[in-house]
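Undergrad: Residue numbers (my numbering): 3 to 254. First, the structure itself, so that you have it in front of you.
Following this line, the structure appears as structure tokens:
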């Protein structure tokens, strides 16, 4: 009767029933403090001029900010936000630790040491892969682990509270990179770099990721459509990453 139980669980997940929690996989980090330390280890290990380091440093700042807000009780469901933070970051750590990252990450890892690009391009290419591809996967995985759905009380509200948090630091992060462009490229290239990256928005990316989270949730058990959806998402996000990493100058 195992197949019947699976069918019942699948139907309940679509009519509002709370799914059964799934245990996290072995090796998943268990605290945000452990995650912060792991990201510091990556930062120390990466050489100067590595584009992955540019993204890692920015991501580390955001992760520390989320950790601080969790301690302050800023979220309505801290268990959900903590688990989402760990699952989400785990996908980045997987990309760092493999020789063949997902196509959404491939442009960043392929270009990480190539000249002609400035740090903000690498940072945004990492954000593009992590938010547009990894975040929908992380939302669905987190809901499964906690026995929640995207419609569970507090889930969407806390997701958007992270948006508010990121909005408070987005311009600061962007400006810190843009102010350093003059140190790396001639003035004639500053405009093209600013134009290249100005059209990318954290808020818009996260809004799209939430929509894709709901789509991915609704496709659970619907094969091959779910697999095709994820493969198309990977390729599309990878294409955007290649655009963000367009060379702008001879920096060799």
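Positions of the beta carbon are idealized from the N, C-alpha and C atoms, including for glycine.
For residue 219, does the three-state DSSP call read helix, strand or coil?
TA: helix
Undergrad: Between which two residues does the alpha helix (DSSP H) harbouring residue 44 extend?
TA: 34-47
Undergrad: Using only the alpha-carbon positions, how far apart do residue 27 and residue 169 sit?
TA: 32 Å
Undergrad: Consider the C-beta atom of residue 86 and the heavy atoms of the ligand GDP; say whether any pair is separated by less than 6 Å.
TA: In the structure shown, the ligand GDP is absent, as is every other ligand, since no ligand is present at all.
Undergrad: Should the segment 202-221 be regarded as contacting the segment 150-158, the criterion being three or more beta carbon pairs within less than 8 Å?
TA: yes
Undergrad: Please state whether DSSP places residue 237 in a helix, a strand or coil.
TA: helix
Undergrad: Decide if residue 106 is buried, meaning its Cβ has at least 16 other Cβ atoms within 10 Å, or exposed.
TA: buried
Undergrad: When you compare each of 144, 92, 147, 78 to residue 163 by their alpha carbons, which one comes out closest?
TA: In terms of Cα proximity to residue 163, the closest of 144, 92, 147, 78 is 78.
Undergrad: Quick check on DSSP: helix, strand or coil for residue 96?
TA: helix
Undergrad: Quick check on this structure: which residue in 30, 122, 69, 42 has the alpha carbon closest to the alpha carbon of residue 93?
TA: Just measuring C-alpha positions, the residue of 30, 122, 69, 42 sitting nearest residue 93 is 30.
Undergrad: What would DSSP say about residue 22, mapped onto helix, strand or coil?
TA: Reduced to three states, the DSSP call for residue 22 is coil.
Undergrad: Taking only three categories from DSSP, how would you classify residue 64?
TA: DSSP, reduced to helix, strand and coil, places residue 64 within a helical segment of the structure shown.
Undergrad: Does the separation of the CB atoms of residue 56 and residue 124 fall below 7 Å?
TA: yes
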